[in-house]
Amino acid sequence: MLPQKLILTTLFLLSGFFHSLYSQKVGLVLSGGGANGVAHLGVIQALEENNIPIDFITGTSSGAFVGAMYASGYSVEEIKAFLTSDEFIAMTRGDLNASEQYFFKKDDPSAAMFTVKVSKDFSLSNSLPTNVISTSKVDFEMMRIFSKASAAARYDFDSLLIPFRCVAADIDAKEEFVFAFGNLSTAVRASFTYPFLIKPIEVDGKLLYDGGLYNNFPHDIMTNEFKPDYIIGVKVTSNEPPPKSDDLISQVRTMLISKTDFNLKSPGLIIEPQTGQGSFDFGNIEEVIEIGYQEALKQIPAIREKVNRSINAAEREQKRKEFVKDQKDLVYGDLYIHNLKKRQRKYVKNNLWPTKDTSMNLNEIKKGFYRTSADPHIDAIFPSSAYDSRSEKYRLHVKVNKSKPFEFDFGGVISSRPISTGYVGLTYLPFSNPSYMLKANTYFGKFYNSVLVSGEIDFAWRIPFSVEISFIRNSWNYFKSHSFFFDDEKPSYLIKRETFGSLELKLPIGNNAKVTLLGNLTELRDNYYQTQNFGSNDVPDETKTNPITTGIKYEFNTQNRILYPNSGTKIALKGFYSQGEERTIPGTTAQDATISLKDHHWTKAQLYLDWYYKQHGLIRLGLTGDFVYSDQSLFNNYTASILRSPSYEPIPESQTLFLESFRAYKYISAGHRIVFNVLRNIDLRAEAFVFAPYDRVIKDNTGVQMRQKGFKDYFSILSSGLVYNSPVGPLSLSLNYYYNAPEINPENNDLSFLFHFGYILFNKKSLN
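When we follow this note's numbering, the leftmost residue of the sequence shown carries the number 18, and every step to the right adds one.
In C-alpha cells form, the structure reads like this:
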C-alpha cells in the first residue's frame, strides 16, 4: 500500500511541475521614451531568436506603438522595415510626401513667418495652439496599421495575436486611462500624444494625452490585468530630474509628469538599453534597435534561469498566420462625419468621398483624406475604422476639428541690402458649403510695397474648382541708398507700380498640379529717369499702360520649401494675351518733351522647370530652365521698354535688382544646383545659371533704343551660400557673381554679398 501511495504522490508532484513548466506565462512591459522606444523592437528580436515566449504586452507611448504592432501580427522584420522607412520619419515630423500633398489647396507663397489663429470670440485661451506638428500623417497611418487587427480581434485587446494593454493620461481626472478594448489605432494614438507637440484626442468624452504623464512603465497593469509568471521589462526612460529655479521647461515638465515606479512587484527583470538618444531624435533608428537587441542578448541567460518554456519560430509563425488570415481588407462602405453641421458635413463628404461609388478602397480613402486635410477651413481630421460584419465592409468615421476663423500672419525679411520688408496678413475662414475665404495682406518697406485684398469661393463638386477675385497694388523702388526700411534722402531712379484686379478660375489636376484661367484689368505706372544725373527737384518720366490680360497657367509643384528647396519638382507653363494703350509723359530730364500715345497688343508664353533629379542623401542635384517667348512691341523709350521686358531672376537676390542684361522678350536659360544637405535644415548651396537672350531691347551710344535679335550675348550668374531653414524662415548668407552685368551695383562690381533672414517674396504680379 505504501509504495502505491508513494507512486501516486510522485506522479502528482511531477504533473504539477510539468504543468507549471508548460503553462508558464511571460509578460513584456515596454516603457515610453520617444525615439528611444524603437529599442523595444531590438529586445523583441532577441527574445524571438532565443525562443522566449511573449504572452502579454503592456506599453506606454512609443512602447505602446511598438508593442501594438507586434501584438497585431506584424513580424519583427515588418516592424523594422516600417520604423526605418521614409514614411515613419515623415510621420514623426508631421511631413507629407509628394503624393499626399494637395497643391490646389495651397495658398500663394507669402513672406509669413508666424501665424496666429484666433477663435471667433477672440479668446486668448481658445486661440493658443495645442500642437506643433501636423497630425494628419500620423492619424492616417495609425488607422492603416491597426484597423485590420482591431476588427479581427472584434475590438477586444485580449483577442489580438498577443493580449495587449496600453496607457494614456486623462488630464481632467489626473489619472491613467487603460485601453483594454475599442479601436487599437485610437488607443495607440492617445498613448503617444505628447503635450503641445501632438494634438490631443477625445475618447468617451475624455481628453487624452501621452500615458507617460502618469504611468511610463505599466508593469502594475501587467500584474493586475494578466498576472504573468514572469515579467520582462524594457526601460528606455527615467524620471525627470528635480526642477531648477531658472529653468522654466523643467518646472513645467515636473508639474505635468508624475514620477513612475520602476520597481517590479512580480518576478522578473528589467532590460535598460542605453541609447543616448533625445526623445525626438529619430535620426539613428537602426542603431537604437541594435542597442536594444544587444542589451537583451546580455540578459538571455538570466531570463532562461527563470523561464523554461519555449516557442520556436515555426510555432510562432503558424500562430501569426492564423491571426492574420482573419483580417479583412480595408474596403469602406459608409462614411460618418462627426462634430460638424449639415452643410459642413456635405462639404467634407464631397472632398473625402467625391465619387458615387458605394465602396472605396484604402488608397482612394487616402487620397480624399489628405485632400480634405489640406483644406484651410479644417484644422484636423481624426479617422477610425469600424468593421460591419453585415456588409463585410468597414465604416469610416472622421472627427473633424474646424480651423479657427481668423488667421493673422506676420513676417517679412531683414537683409544686409536695402530690401528689408515687413509683412502682415489677415485671413477670414467661414466654413460652409461652398466654403469661402477672405484675405488681405500688406508688404511695407523701401524697396517693395504691396496691398492685396481677395475673396475665394471653393466648390467641392465631383470636379472641384474655385473662383477667386482679387485686387492687388504692387510697387518696386530701385534706388541707390543703402538704408533700411523708410528713408527718402535720395529719390529713386526707377519705380515700378502696378494696380490690377484679377478674376481666376482654378481646377486641380491630380494632387500636385492645377490649371488657372485668368483675366486681369491692370494699370501699369512706371516712373524713371533716363539718366543717372538727376537731382531731388527733378521730375521723372512717367509711362502708364492699361492692359487687359487673359491667360492660362498650368502649375506642378512637389518642392519641399517655397524658398531654397532641396527636393521635388516645380513646373510652370503659362500663356497670356494682353492689349492696352501706353501713355508716356516726359519729365524734366527727358530729351523729348512730347507726350506719346501708343497701342500695344502682345502674347507671352513661358515654360519654367526646376527639377531636383537627386533629392536624397548628403548631395542633392537639380536642373533648372526658363524659356520665354513674347512678341511685345517697344515702348516709347529704352527705359520704359526694358522695365516691362520679361526678366530672368533665378536666385532671390536677382529678384531685387534691376538687371538690364537679364531682360529680354525672347530668351532661353539653364542652370544647375548642387546642394550639400549638411544637417536636416542646413544646406550649403552652389548654383550656376546661363542666360541667352534672343530678342531684347538695347540702346546705341546716343541712348536710342533698338531690338537686338539672335543669340549674340550670354550672361551668367554664379551663387554660393549657406542656408539654415529655421522653423520660421530661411537664414541665408550668399556670395553672388554676375558675369557681364555691370549694372549689378553703382560701383560696377560683379560680386555681391547678401545676408537675409526671412522670405524674399512678393504678391503675384499682373503680367506673370
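Using N, Cα and C, we set each Cβ at its ideal position, and we do this for glycine too.
According to the Cβ coordinates, are residue i and residue j closer than 8 Å?
i, j, result
"S452", "Y364", "yes"
"N472", "I486", "The residue you asked about is not Asn; residue 472 is Gly in the sequence shown. In contact: G472 and I486 (Cβ atoms closer than 8 Å)."
"Y581", "D700", "yes"
"A709", "Y684", "yes"
"A129", "G442", "yes"
"G228", "G44", "no"
"S794", "N114", "Since the first and last residues shown for the chain are 18 and 785, residue 794 lies out of range."
"V415", "L446", "no"
"I287", "F297", "no"
"L750", "L739", "yes"
"A85", "I306", "no"
"L590", "K561", "no"
"A186", "L141", "no"
"S420", "S153", "no"
"N785", "L771", "no"
"E704", "S664", "no"
"T459", "N529", "no"
"A313", "L64", "yes"
"K513", "L660", "yes"
"D237", "P284", "no"
"H617", "G642", "no"
Return the first residue and the last residue of the beta strand (DSSP E) that residue i is part of.
i, result
"H414", "410-419"
"A589", "586-602"
"R724", "722-726"
"P525", "511-526"
"V43", "43-47"
"S793", "With the chain covering 18 to 785 only, the question about residue 793 has no answer from this structure."
Take the Cβ of residue i as the centre, count every other Cβ of all protein chains shown within 10 Å, and call the residue buried at 16 or more, exposed below.
i, result
"A98", "exposed"
"A330", "exposed"
"P747", "buried"
"F679", "buried"
"Y731", "exposed"
"R479", "exposed"
"F131", "exposed"
"Q335", "exposed"
"E826", "Any question about residue 826 goes unanswered here, given that the chain covers just 18 to 785."
"D648", "exposed"
"F728", "exposed"
"N143", "exposed"
"S500", "Caution is warranted here: a pLDDT of 46 is assigned to S500, below 50, making its placement in the model unreliable, and the coordinate value is therefore given only provisionally. Exposed, since its Cβ has fewer than 16 Cβ neighbours within 10 Å."
"H633", "exposed"
"P508", "Bear in mind that a pLDDT of 48 at P508, under 50, signals an unreliable position, so the number given afterwards is only what the model happens to contain. By the 10 Å Cβ count, P508 comes out buried."
"G51", "buried"
"K410", "buried"
"V205", "buried"
"D504", "Since pLDDT at D504 reaches only 43, below the 50 mark, its modelled position is unreliable, and the value read off the structure follows with that caveat. Exposed is the call here."
"Q725", "exposed"
List the endpoints of the continuous alpha helix (DSSP H) containing residue i.
i, result
"D103", "103-110"
"A129", "Note, A129: premise wrong, no alpha helix (DSSP H); beta strand (DSSP E) at 129-135."
"Y364", "359-369"
"E59", "Here residue 59 turns out to be Gly, not Glu, going by the sequence shown. Taken as a continuous stretch (DSSP letters only), the alpha helix (DSSP H) holding G59 covers 56-66."
Identify the residues that DSSP records as bridge partners of residue i: which are they?
i, result
"L225", "D187, I218"
"N694", "D700"
"R637", "V692"
"H394", "H394 is not bridged to any residue."
"T147", "Paired residues: none, contrary to the question."
"S613", "T601"
"T444", "E424, K456"
"E192", "D187"
"S749", "V740, H773"
"V645", "Q623, Y684"
"W493", "Y465, K513"
Since residue i and residue j are thought to touch, with beta carbons under 8 Å apart, how far apart are those beta carbons, to the nearest angstrom?
i, j, result
"Y655", "Q549", "That pair is no contact at about 14 Å."
"G54", "S92", "Going by Cβ atoms, the distance from G54 to S92 rounds to 18 Å, so no, they are not a contact pair."
"P400", "L413", "6 Å"
"Y404", "K345", "6 Å"
"I188", "L145", "The Cβ separation is near 16 Å, so there is no contact."
"S733", "V707", "5 Å"
"G585", "N577", "5 Å"
"I602", "D558", "7 Å"
"S449", "Q547", "Wrong, their Cβ atoms sit about 54 Å apart, outside the cutoff."
Determine, for residue i, whether the minimum Cβ-Cβ distance to residues of chain D falls below 8 Å.
i, result
"D278", "No chain D appears in the structure shown, which is made up of a single protein chain."
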